[in-house]
Structure formats: C-alpha cells, structure tokens
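Visitor: For what it's worth, UniProt numbering labels the leading residue of the sequence shown as 1, then goes sequentially. First the structure, which I've put down as structure tokens, then a few questions once you've had a look.
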Amino acid sequence: MLNQKELSIIKLLFANRHSYTTSQEVASNLYISDRTARKYLHLVGDILEKNGAHLEAKQGQGYRLLITEDQQFQQFYQQEAQDVSLVRDVTTIHESEDRQYFILHRLLFEQNEARVDDLASELFVSRSTISNDIVEIKKMLKSYKLEVKSKSGVGIYIVGDEQNKRHFVMSYFFMNHLHDNLYTFSMYADLLKGISIEEIVIIVLDECRESRLKLSDFIIYNIVLHIGLAIKRLQTGFQIEQSHVTISEKSKEYQTALNIIQRIKTSMGIEFPKEEATYISMHLRNRLSTSKVLKKTDYNESEIKNQLLITLASLDKKTGFQFEQDTSLINGLMMHFTPLLLRLQNGTSIKNPLLDEIKQKYSQLFEMTIQYFSEMPVFEKYQVTEEEWAYVTIHLTAAVERFFNDQKARVLVICATGLGSSQMLKIRLEHEFSSKIVIDSVVGYYELSNQKLDDIDLIISSIALPMDGYNIPVIHVSVFLGEGDIQRINHELSKHKGIQRVNSQTMLLTGESKKQQIALVDQYFAPELFLYLPGKSVKEQVIKELVARVEKIEGSPLSERLMKQLQLRDTYSSVAFSSSLAVPHPIEPVTQNAHVAVAIAPEGIFWDDEHPAVQLVFLSLPDKARQVQIDKINQMFVPILEDKEFGDSLVASQSFDEFMKKFVSYL
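As structure tokens, this is what we get:
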C-alpha cells in the first residue's frame, strides 16, 4: 500500500504523463526538499515496475510515467486512490522536517491560520504528531521573535512583527531549504557587490504574497537576479531600453512589478524607469511572454530546449561540469532566452556592466559560452553581442558553483554535549574549509548510534573515537582547531575525489591551464635562484643570500633597496604563513623582471619566535612594470599549506631539478 507522498507523486506523474516532470517540481508540489523528492521518486519507480508502468528518467529533463500494461496500471491506480484513508504513517526525520515545512508554508503563504486536526488529516498523521512538529516550529521561530498562538475555533497562527516574518521566510524558505537545488547567490553576490540581494528577496517575496501570485521558488530567484543586474546597470550609468512587449498596466503582474520597484526605490534609493516594470512583469507571467516570442522563431519551446541540451552535453565533454544534469541551469537559461530572443528580434541589446569582470575572472568559460551557444540553430541568424553572451555566462558560473558545492566532502562533526564548544568547532571548520566541506550536522557522541552515515565522507571529532569502528575516515581534533588539526584534515581531504575534481577544473573559471602554470614556473624560477641549506640558519642570512643572487641576475645594484622593502613589509605582519613556509615579498617592486627565489632548509631557519624552524622560503618579487601577475604564482604555494606530505616532499629536494619536478607535478 502506498503512503500519501508516493500516491501524490504518482498522481502528479500521471497528470503530466505526456511530458517530463523534474524532481524540483515534485518537491514544490509536495512541500518537500529536492533530496527527499528524489528518494521518493526512486521508491515510486520500483513500485510502478510491479504494476504495469515504468518511470523513465532523462538527464536535464526529469521523469516521465510510461504505462506498459494499461489494464494492470489502471486497476492499481484506482485501488490506491480509493484506499487513501488507509495510508500508513511514515515518520522518518525527513518526514518530520517536511511536515514542518508544509505547516509553515500554509501559515505564511496560503492562509493566516490552520486547525491542528485539519493538518493531521491532510498529512495523514496523528494529532500528537502535528503537536510535536509545532513544538519544533516554535523553536525555529523564537530567534526571529515570532510565536505560534492558538485560538479556539480558529486554530494556530503566527504572531509577530511583519518584518520579522519576512526575514524568517527569506531565511527558511530560500536561503536554507533551497540551498542545494536552486540558485546559490554566492557567485552573484561577488558580481553584484554593494547590492543587497537579501533585501531584494524580501521585497519580491512580500509583494508576491500580497498580490497572491503563486510563483515557483525558481521564478522568484530569477526575478531577484534580474533586478540585481538592472540595479547594477543603472548604478553604472546604463539606460534600460524600452520593451517591445505589451502588457496591460491593469494586470496583477504589472501592478505587482510597480509595487516592487517602488519598494526598491524607498529602500535603496534606486529610481527605476517605468520600462523596468514591464520586464519584471514578463518574469511574473513567463509562460504567456514565451509563447508570444516563440511565434516569431522557426522553433517551438521543446526544440529550443533540445538544442540547449545538445549544447550543454558538448560543454560537458569539454569541461566535465555536468551542465546537462543541472535542471536549475536548464530552466534558468530557457527563461533567459525569452527576453534575449525578444531583443534579437527587435534588433536591440542591453549593456552589461559585468562584461569586463566576467571576461577577466571567467575568461575561458566566457569564450566557451560564445563558441558553443552561438552554434544553437535558434541563434545562428542573429549577431549576438558580447554583453548578451556575458549574461548567459553568469548562468553557467552559478552552475559551476553548484557543481563545486556537490563535490565538497560531507562532514559529520562530533562533540561532547557542550553547545558552546560544538558551535566554536563548527565555525572554525567552516572558516578554514568552506571551499572543501559541507557540514552535514553536529552531534553529540551519545547521538552517534542513531546517526545515518551513508552520505558522510569524513568524521571530525573533538572526542576520541575508535578509528576502526567506522568505514569512514575519523580525525580527532581540538575544539580550537590547531595547525596540526588543519594539516591532518587537509591531508585527508586531498584524497577525496570530489576535491581532486574541483582542483583540476578550477582552471576553467580562471582561465589558467596546467600548461600556462608550468610556463609561468619555467619563466620565473631559475637554478641560479635556488638555495639548499643542509644545516640550521637564520632569516637574515637566508634573505641576504637570496637577494644577492637576484642582484646578480638583474645585473644592477639593488640589494640595499630590496632589503629595505622586505624589512618594511615585515613590519606590517609576518610573512611566515605556517610553521614551515615563508613567502617574503617587497611593498613596492624593485626589480626590472619578476623572479621567485627558493630556499630549502630541512634543519630549519629561525624566522622569529613564533616560527623557529621554517623549512621552505619563496622570495616573491614582482616586476617594476607590473606586467607579470605575481599573484598567479603565489597561488601555487597554497597546496603546500594544505597538504603536509606535499610540503615535506619539497623540503626533501636537494637540487633545483628535483624541486621543480615535484612542484610542477602538483599543479
């Protein structure tokens, strides 16, 4: 017998059996997370196989119900629909969280109050189960100064300041619950510096709720991104061009758009031209706008989506970023194509204030965008500007961010019962390893037996655990996370396949290939600038020797000036970045050419009281003309900090050739 969610999914798939349904659409309809939706889709697929049907999964498009034995399926479907009152109660932790999500959505989006008995009936659980869920909801709302009240004959409702409600809605529904399956704004926040994305989210949410516009979370995110980019254009002096789409000014969507831009004006002091309301209302009624635009093309929506999937598949072969499997990317680009095609049809284009930044930061990705997307038949007859292609690249950068996020190691943190110490460790781990790990949860040792470890890649514990008790690596650390702890964690993470994949693919964002990195190393490292010290030494002696070697290569007296610059830099903060690595460099360039001088001292160099045994020194010298981006070379030193074995192998090098071979192999 099916449970309520399984039956609801089959009903949804049956109603849409002539097209594909994404896991995100299933999640949205059932008020569950995308991860939970995928779990149920897998279960439903097994059930359908035994009852005259098959669940077809297609990358980039979703799931479709295929009926293989019509009579058998119809009998199964009708029987299950009739037996809905007999559904069993499934109470896993995910179910509990999903019920809380459903209840909060009902109270904050659909109506102001709800009866507990009605909720229990709808969710097919007992009244006491709903009461337990409400206890958890109260805990969540408390930090936002919101309360759940109840009134006889009315039911439960949320009371508190409206602004606090908005902040909770934004945090719970958009920043936390949807983090894994919708747009992550970290990439956009970097490009849209100075613009409050959170404030825009609150305004859009508030006005859509007020107008009772039922929009998917995905469309709301697209509207927020559109508004953020529009603000950036206005701030940099670009004009918003007139739209060629006619939308009734009396329509609910247009009036909502006007309210949004008026709120933004009041909140941020941004004066939008009237045309912007038309563009926002196009997003609010996307389906209608799309059909009008597509009438002027030679392709229908399905054909354009097919062209897009072929393009993304080609990009995947080149990059390995799995674009074709990213439904958020596919949906976002399909929505973006509507206004883009409209501008192309009317011979207009919008300026992109982020063009230079995108070309600089994501050069290879930008070039690939033009190369692959220009081959889509729908765009072949148009002259698409770099500004327009840069907007498409923004969607791809967000997809890359999601891909990198999926590759991060999932970590379980185990602490003693003290809440303060567990939070301290969590914060330290997030600060040190935010680009490499996702903390799944923080639990006490007594909770460990109930903790599912299926999706966990690494356990980090502040209390001693038996190392052989799990099939997962365990690292014992101090709550304060010392340098040794960081090195051990980095060493373990370096083995994680996802992290290795991220390291190998980061070049597609920055444009620095391994071949280019090797060329930089070959150009600025030299045998004459390599110093091996078999015994103990001191900082002043080592730097003096390296500077003398640089002076000899430069062919002009510069030792005194360079030493002063290095000493001046040392007064600001230490250039020893770990117990074994130092990277001295001048405040201002002194040399005509860029150089990197290397000193290796296995017995240690006394650098200062805090770093008494530095073993590896890179004297990093930019050129006077600043034509060499020395930062690109300095970035190559980061793995030494993160992987102790790599650092130790470099220290063991006794010759320049041996050192170079090891250094280059890690790039």
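Idealized CB from N, CA, C, for every residue including glycine. All values reported here derive from a predicted model rather than from experimental measurement.
#1: How about the region 421 to 441 and the region 486 to 494: do they share at least three Cβ pairs that are nearer than 8 Å?
#2: Sorted by chain position, which residues of the same chain lie with C-beta nearer than 7 Å to Phe-606's C-beta, five sequence neighbours on each side aside?
#3: What would DSSP say about Glu-432, mapped onto helix, strand or coil?
#4: Provide the residue span of the alpha helix (DSSP H) that contains His-602, from first to last.
#5: Could you check where the alpha helix (DSSP H) with Val-116 kicks off and where it finishes?
#6: Distance, Cα to Cα, Asp-133 vs Lys-142?
#7: In whole angstroms, what separates the C-alpha of His-491 from that of Lys-381?
#8: For the beta strand (DSSP E) that Leu-62 lies in, which residues bound it at each end?
#9: Would Asp-118 count as contacting chain E if we go by Cβ distances under 8 Å?
#10: To which residues of the same chain is Asp-161 closer than 6 Å at the C-beta, ignoring the five residues directly before and after it?
#11: State the DSSP-derived secondary structure class of Pro-527, mapped to helix, strand or coil.
#12: Return the first residue and the last residue of the alpha helix (DSSP H) that Leu-333 is part of.
#13: According to DSSP, is Leu-57 part of a helix, a strand, or is it coil?
#14: Please report the straight-line C-alpha distance between Asp-648 and Ile-587, rounded to a whole angstrom.
#15: Leu-123: buried (16+ other C-beta within 10 angstroms of its C-beta) or exposed?
#16: Ile-10: which of Gly-45, Phe-404, Lys-252 and Leu-309 sits nearest, CA to CA?
#17: Under a Cβ-count criterion, where at least 16 other Cβ atoms within 10 Å of its own Cβ denotes burial, should Ser-328 be classed as buried or exposed?
#18: Excluding the 5 residues preceding and the 5 following Leu-344 in the sequence, name in chain order all residues of the same chain whose CB lies nearer than 6 Å to its CB.
#19: Would you report the Cα separation of Phe-656 and Gln-517, rounded to the nearest angstrom?
#20: Would Glu-249 be called buried (16 or more neighbouring beta carbons within 10 Å of its own) or exposed?
#21: Out of Phe-404, Lys-145 and Leu-13, which has the shortest C-alpha to C-alpha gap to Asn-29?
#22: How would you call Leu-650, buried or exposed, if buried means at least 16 neighbouring beta carbons within 10 angstroms?
#23: Just to confirm the assignment, what range does the beta strand (DSSP E) spanning residue 679 have?
#24: What are the boundary residues of the alpha helix (DSSP H) that includes Gln-262?
#25: Do you know offhand how far Lys-662's Cα is from Ala-526's?
#26: Note the first and the last residue of the continuous alpha helix (DSSP H) segment covering Glu-147.
#27: Could you tell me how far apart the beta carbons of Val-378 and Gln-307 are, in whole angstroms, since I believe they sit closer than 8 Å?
#28: Can you give me the Cβ contacts of Glu-528 inside the same chain, cut-off strictly under 8 Å, excluding the 5 residues immediately before and after it?
#29: Starting from Arg-410, follow its DSSP beta bridges and name the residues at the other end.
Guide: Quick answer:
#1: Taking a cut-off of 8 Å on C-beta distances, the region 421 to 441 touches the region 486 to 494, as three or more cross pairs fall below it.
#2: Taking the first residue of the sequence shown as position 1, residue 606 is located at position 606. Cβ neighbours of Phe-606 beyond the five flanking positions: Val-538, Lys-539 and Pro-612.
#3: Mapped onto the sequence shown, residue 432 falls at position 432. In the structure shown, Glu-432 falls within a helical segment according to DSSP collapsed to helix, strand and coil.
#4: Numbered from 1 along the sequence shown, position 602 holds the residue referred to as residue 602. This sequence places Pro at residue 602; His is not what is there. Here Pro-602 belongs to no alpha helix (DSSP H); instead the beta strand (DSSP E) covers 595 to 606.
#5: As a working note, residue 116 is residue 116 in the sequence shown. Its alpha helix (DSSP H) spans residues 116 to 123.
#6: Position 133 of the sequence shown holds residue 133. Position 142 of the sequence shown holds residue 142. Distance from the CA atom of Asp-133 to the CA atom of Lys-142, rounded to whole angstroms, is 14 Å.
#7: By 1-based counting over the sequence shown, the position of residue 491 is 491. By 1-based counting over the sequence shown, the position of residue 381 is 381. C-alpha of His-491 to C-alpha of Lys-381: approximately 52 Å in a straight line.
#8: Start at 1 with the first residue of the sequence shown, and residue 62 comes out as number 62. The sequence given here has Gly at residue 62, not Leu. From DSSP, the beta strand (DSSP E) with Gly-62 extends over 62 to 67.
#9: The structure shown contains no chain E; it is built from a single protein chain.
#10: The residue you call residue 161 lines up with position 161 of the sequence shown. Here Asp-161 has no same chain residue with a Cβ atom under 6 Å from its own Cβ, once five neighbours each way along the sequence are excluded.
#11: Here residue 527 refers to the residue found at position 527 of the sequence shown. Looking at Pro-527 - three-state DSSP - the assignment turns out to be strand.
#12: Sequence index remark: in the sequence shown, residue 333 carries index 333 (1-based). Unbroken alpha helix (DSSP H) run through Leu-333: 327 to 345.
#13: What you label residue 57 is simply residue 57 of the sequence shown in a count that begins at 1. Note that residue 57 corresponds to Ala in the displayed sequence, not to Leu. In this structure, Ala-57 counts as strand in the three-state DSSP scheme.
#14: Here residue 648 corresponds to residue number 648 of the sequence shown, with the count starting at 1. Here residue 587 corresponds to residue number 587 of the sequence shown, with the count starting at 1. One C-alpha to the other measures close to 29 Å.
#15: Within the sequence shown, residue 123 is the residue found at index 123, counting from 1. Here Leu-123 is buried. Its C-beta has 16 or more other C-beta atoms within 10 Å.
#16: Within the sequence shown, residue 10 is the residue found at index 10, counting from 1. Per the C-alpha coordinates, the member of Gly-45, Phe-404, Lys-252 and Leu-309 positioned closest to Ile-10 is Gly-45.
#17: Walking along the sequence shown from the start, residue 328 turns up at place 328. Per the 10 Å Cβ criterion, buried.
#18: Along the sequence shown, read from residue 1 onward, the residue named residue 344 stands at position 344. Correct list, in chain order: Tyr-382.
#19: Taking the first residue of the sequence shown as position 1, residue 656 is located at position 656. Taking the first residue of the sequence shown as position 1, residue 517 is located at position 517. One C-alpha to the other measures close to 18 Å.
#20: On the sequence shown, residue 249 is found 249 positions in, with the first residue counted as 1. Burial is judged here by how many other beta carbons sit within 10 angstroms of a residue's own beta carbon; Glu-249 has fewer than 16 and is exposed.
#21: As a working note, residue 29 is residue 29 in the sequence shown. Taking only the C-alpha atoms, the option nearest Asn-29 is Leu-13.
#22: Here residue 650 is taken as the residue at index 650 of the sequence shown, counted from 1. Its Cβ being crowded by 16 or more others within 10 Å, Leu-650 is buried.
#23: Nothing in the structure corresponds to residue 679, since the chain is present only between 1 and 667.
#24: For this step, residue 262 is matched to residue 262 along the sequence shown. For Gln-262, the uninterrupted alpha helix (DSSP H) run begins and ends at 252 to 268, by DSSP.
#25: Indexing the sequence shown from 1 puts residue 662 at position 662. Indexing the sequence shown from 1 puts residue 526 at position 526. So the alpha carbons of these two residues sit roughly 15 Å apart.
#26: Along the sequence shown, read from residue 1 onward, the residue named residue 147 stands at position 147. For Glu-147, there is no enclosing alpha helix (DSSP H); the enclosing beta strand (DSSP E) covers residues 147 to 151.
#27: Translated into the one-based positions of the sequence shown, residue 378 becomes position 378. Translated into the one-based positions of the sequence shown, residue 307 becomes position 307. Confirmed, about 6 Å.
#28: Numbered from its first residue, the sequence shown carries residue 528 at position 528. Same-chain partners within the cutoff: Arg-549, Lys-552 and Ile-553.
#29: Position 410 of the sequence shown, counted from the first residue, corresponds to residue 410. When beta bridges are read from the DSSP output, Arg-410 appears opposite Val-438.
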